[in-house]
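Worksheet for the structure shown next.
Structural data, given as structure tokens:
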């Protein structure tokens, strides 16, 4: 681009996005694609432009609609949120894990993933109190097995000692 080589990932199976004109409004950018073979198959080559003003406006509007956190700890988040009529999902930036239990207005809510990684919750329009509580998956199962194993080892030791 403009006689400067761009680094990119060598992949033939995934889409690639290369930012070629960040913050350069009104500046002409020239880019060249150099073929290393006599011919290649280019399928669905597309150039996109991000409307930065619209993007920032949308992000600001979404942030204003965000959840107001009223309490926070390592394993529990409580807050309130107003869901507009057109929204059906409460999207968080919390990584998805089976350990999250979510209640909305005191009722256990279904959790799901968004973007293959984030915790999302289907939610109805209106004002809601939302509580996120985290419990390490299988912690109690692992703890129970450990306690039973220790008790068994102690009993076996006592049995062998009394023999």
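Residue numbers (the numbering used here): 274 to 436.
For every residue, glycine included, the Cβ atom is placed at its ideal position computed from N, Cα and C.
The structure presented is a predicted model; accordingly, all values stated were derived computationally and were not measured.
Item to complete: Under 8 Å by Cβ, that's how I've got residue 373 and residue 384 pegged, so tell me the actual separation to the nearest angstrom.
Response: 6 Å
Worksheet item: Under 8 Å between the Cβ atoms of residue 393 and residue 362?
Response: yes
Worksheet item: From this set, 301, 315, 300, which residue's C-alpha is nearest residue 307's C-alpha?
Response: 315
Worksheet item: Opposite residue 356 in the DSSP bridges: which residues?
Response: 399
Worksheet item: Is the region 423 to 431 close to the region 391 to 408, with three or more CB pairs under 8 Å?
Response: no
Worksheet entry | Collapsed DSSP secondary structure at residue 406 in the structure displayed | strand
Worksheet entry | Inter-residue Cα distance where the pair is residue 419 and residue 409 | 16 Å
Worksheet item: residue 352: which of 334, 435, 401 sits nearest, CA to CA?
Response: 401
Practice prompt. Could you check what DSSP says for residue 337 in three-state terms: helix, strand or coil?
Written response: helix
Worksheet item: Where does residue 405 land, buried or exposed, given buried means 16+ other C-beta within 10 angstroms?
Response: buried
Worksheet item: Does DSSP classify residue 332 as helix, strand or coil?
Response: helix
Fill in: Residue from 287, 301, 305 whose Cα sits closest to the Cα of residue 278
305
Fill in: Span separating the alpha-carbon of residue 347 from that of residue 288
37 Å
Item to complete: Assign residue 403 to buried or exposed, taking buried as 16 or more other Cβ atoms, counted over all protein chains shown, within 10 Å of its Cβ.
Response: buried
Worksheet item: Do the CB positions of residue 364 and residue 387 come within less than 8 Å of each other?
Response: yes
Worksheet entry | Boundaries of the alpha helix (DSSP H) in which residue 427 is found, first to last residue | 412 to 435
Discussion item. Distance check for residue 434 and residue 376, CA to CA, integer angstroms please.
Written reply: 52 Å
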